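Here's the structure, in structure tokens; my notes come after.
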Amino acid sequence: MTTLSLASILAEPAWRRPDKTALVEGGRRLTFAELWHQVLKQASALIGLGVRPGDPVALMCPNTTEFPRAYYAILAAGGVVVPVHLLLTADEVATVLRDSGARLLIAHTGCAPAATAAAEHADVPVVTAGPDGRLEELTDRADPLPTFVTRKPEDPAVIFYTSGTTGTPKGAVLSHLNLVMNATVDAYDAREEIRRDDVVLASLPLFHTFGQTVSMNATWRVGATVVLLPRFDPDAAIALMAEEAVTTFHGVPTMYLTLVEAAARAERLPKLRRCVSGGASLPVPVLERFEAAFGAKVLEGYGLSETSPVASVNQLMIGTKPGTVGHPLWGVDVEIADPDVVDAVKLLPRGELGEIVIRGHNVFTGYLNRPEETAAAVVDGWFRTGDLGRKDDEGFISIVDRTKDLIIRGGFNVYPREVEDVLLRMPGVTAAAVVGVPDELHGEEIVAVVVSGEGVPSADAILEYGKEHLGRHKYPRRVEFVEALPLGPSHKVLKRELRDRFGGAK
5 MTTLSLASIL AEPAWRRPDK TALVEGGRRL TFAELWHQVL KQASALIGLG VRPGDPVALM
65 CPNTTEFPRA YYAILAAGGV VVPVHLLLTA DEVATVLRDS GARLLIAHTG CAPAATAAAE
125 HADVPVVTAG PDGRLEELTD RADPLPTFVT RKPEDPAVIF YTSGTTGTPK GAVLSHLNLV
185 MNATVDAYDA REEIRRDDVV LASLPLFHTF GQTVSMNATW RVGATVVLLP RFDPDAAIAL
245 MAEEAVTTFH GVPTMYLTLV EAAARAERLP KLRRCVSGGA SLPVPVLERF EAAFGAKVLE
305 GYGLSETSPV ASVNQLMIGT KPGTVGHPLW GVDVEIADPD VVDAVKLLPR GELGEIVIRG
365 HNVFTGYLNR PEETAAAVVD GWFRTGDLGR KDDEGFISIV DRTKDLIIRG GFNVYPREVE
425 DVLLRMPGVT AAAVVGVPDE LHGEEIVAVV VSGEGVPSAD AILEYGKEHL GRHKYPRRVE
485 FVEALPLGPS HKVLKRELRD RFGGAK
């Protein structure tokens, strides 16, 4: 029988590079051997609490040592990890616990109030990790497992819950094969210059698929070092990267934007080699400013929770192109399909705009207990992403926008990202989001939401700049100023909130 476990991502470097530093968090420094020994002890403690192979175990923890230790302990015990977003309310956490069938909730002591309330609502036992946590006591007393409990390649390893912008969140089930392959291919093929002496800043939330696979799993797949930042702050991130000689940064566009601003006031900048952007489209002006400030190449990629997550990325060996998300990973196909054909996948020729579809070893096994929604999402073996994009003659993939963010003004399609890229080239505009709001005459009207601050142009100046640089059907007709753009737990701009605020719910 073929077996495979995501736990091997950490088990392998523990014997291949036992004395290499695996993890840094504040004053904590753990080698691979030390971390893996703690994982085996904690896995034993979890088994003592009743965790059995295949049991879902929820994990509610910030980017502290407790997260990776518990994550791999759950896997080593044969369980299934259910990461919980830290910004959810107790009722929302309870929904995740009930829907996933979690047998246990591991909660950092800093999250204990919300976690305890949620566990009571869902009738799920909770154990605390971290300072004065009960799990720490149980782990200290436990005898380590001789080795991890292995699983079948197709068995569930992690269940990611989608953001749930509409309706109840869905649990995307990722197998051990999905996640081991994605970490391996991302480490050895997609970023062919990754080195074992690299030091990676993990400032993306580890409960999110990007941080989990790219910052943690792929880094440890090659035996490199992860530096944890519990909460992202641009000034703190720059200082920590300089102090720990970080070589690699992973982030979403809003992080890159704030890092560019912070670089101007930093006493010392880190010597970065490679950076990866994902989670949302990175405006080209922001990419250019970051590369100029830090002297490091930014490789933009693309993925979703349902694709483990990485599907494509700019790869140095193949070639890179700003404004695109590069080429598909090894073993993965990314194509463009006709979005209007719903019961089949009809692929479109190169250069045409359509829905991005993906197939390969990275595509999830389905939505938990939702066969109809799984069938609608995976058609003819392709996962339908709901994202609009195109593929050029060289095979570079461009993300135009989310289908739900498309603005239709007077019958013309307007893609917010294109408008945002133009506005962000205007001197003084450092952050902007474009949304469509209901309009009686045109169906939808284009609104630019701009972050206010010193040196930001007036609304009239922004409107004039838009008229000058965009087609008549594309430029914004309204400008609204905000102190900050609303961000979700994974630092994505919440455009739904902007639409609700400035135009009413759609």
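For the sequence shown, counting from 1, position 172 maps to 176 in this note's numbering; every step adds exactly one.
All C-beta atoms in this analysis are idealised placements derived from N, C-alpha and C, irrespective of residue type, glycine included.
All figures in this text were calculated on a predicted structure; none of them were measured in a lab.
Beta-bridge analysis with DSSP links residue 109 to 62, 130. Short of 6 Å from the beta carbon of residue 104, and not among the five residues preceding or following it, lie these beta carbons of its own chain, in chain order: 60, 86, 163, 175. The shortest CA-to-CA distance from residue 248 to any of 274, 122, 338 is the one to 274. DSSP places residue 180 in the uninterrupted alpha helix (DSSP H) bounded by 180-189.
The beta-carbon separation of residue 184 and residue 10, rounded to 6 Å, stays under the 8 Å limit for a contact. Nearest Cα to residue 352 within the set 377, 393, 246: 393.
The beta strand (DSSP E) runs of length 3 or more contained entirely in the segment 185-238 are, from start to end of the chain, 203-206, 229-232. Nearest Cα to residue 298 within the set 322, 272, 470, 94: 272. Secondary-structure assignment with DSSP links residue 491 through a beta bridge to 497.
For residue 22, there is no enclosing beta strand (DSSP E), as DSSP gives it neither H nor E. Close CB contacts of residue 461 within its chain, under the 6 Å cut and outside five residues either way in sequence, are with 432 (chain order). Within the segment 359-442, the runs of alpha helix (DSSP H) that reach at least 4 residues and sit entirely inside it are, in chain order, 375-381, 420-427. Membership of residue 147 in any alpha helix (DSSP H) is not indicated, and neither H nor E is assigned to it by DSSP.
Going by DSSP, residue 288 is part of the alpha helix (DSSP H) stretching over 288-298. Secondary structure of residue 165 (DSSP, three-state): strand. If you draw a straight line from the Cα of residue 253 to the Cα of residue 239, it is about 14 Å long. With 16 or more other Cβ atoms from the protein chains shown falling within 10 Å of its own Cβ, residue 499 counts as buried.
Looking at the backbone, the Cα of residue 38 and that of residue 45 are separated by about 11 Å.
The beta-bridge partner set that DSSP reports for residue 307 consists of 314. For residue 337, the uninterrupted beta strand (DSSP E) run begins and ends at 336-341, by DSSP. The beta carbon of residue 74 sits closer than 7 Å to the beta carbons of 46, 63, 65, 110, 133 from its chain, once the five residues preceding and following it are set aside; these are given in chain order. Residue 428 and residue 492 have their alpha carbons spaced roughly 21 Å apart. When DSSP reads this structure, residue 482 sits in a beta bridge with 451.
Just so you know, the alpha carbons of residue 30 and residue 232 end up roughly 8 Å apart. Annotation for residue 264: the continuous alpha helix (DSSP H) segment containing it runs 257-267.
Residue 404 places its beta carbon less than 8 Å from that of residue 421. DSSP places residue 41 in the helix class (H, G or I) of the three-state scheme.
Counting C-beta atoms within 10 angstroms of its own C-beta, residue 346 has fewer than 16 neighbours from the protein chains shown and is therefore classed as exposed.
The beta carbon of residue 327 sits closer than 7 Å to the beta carbons of 288, 402 from its chain, once the five residues preceding and following it are set aside; these are given in chain order. For residue 285, no beta strand (DSSP E) run applies, since DSSP gives it neither H nor E.
Per DSSP, residue 46 has no beta bridge partner at all. Boundaries of the beta strand (DSSP E) around residue 33: 32-35. By the CB criterion at 8 Å, residue 386 and residue 361 fall inside the cutoff. When rounded, the separation of the alpha-carbon atoms in residue 93 and residue 480 is 35 Å.
Taking each of 20, 201, 459, 315 in turn and checking the Cα distance to residue 430, the smallest one comes out for 459. Cβ-Cβ distances below 6 Å link residue 414 to 446 in the same chain, with the five nearest sequence neighbours on each side left out; the list follows chain order.
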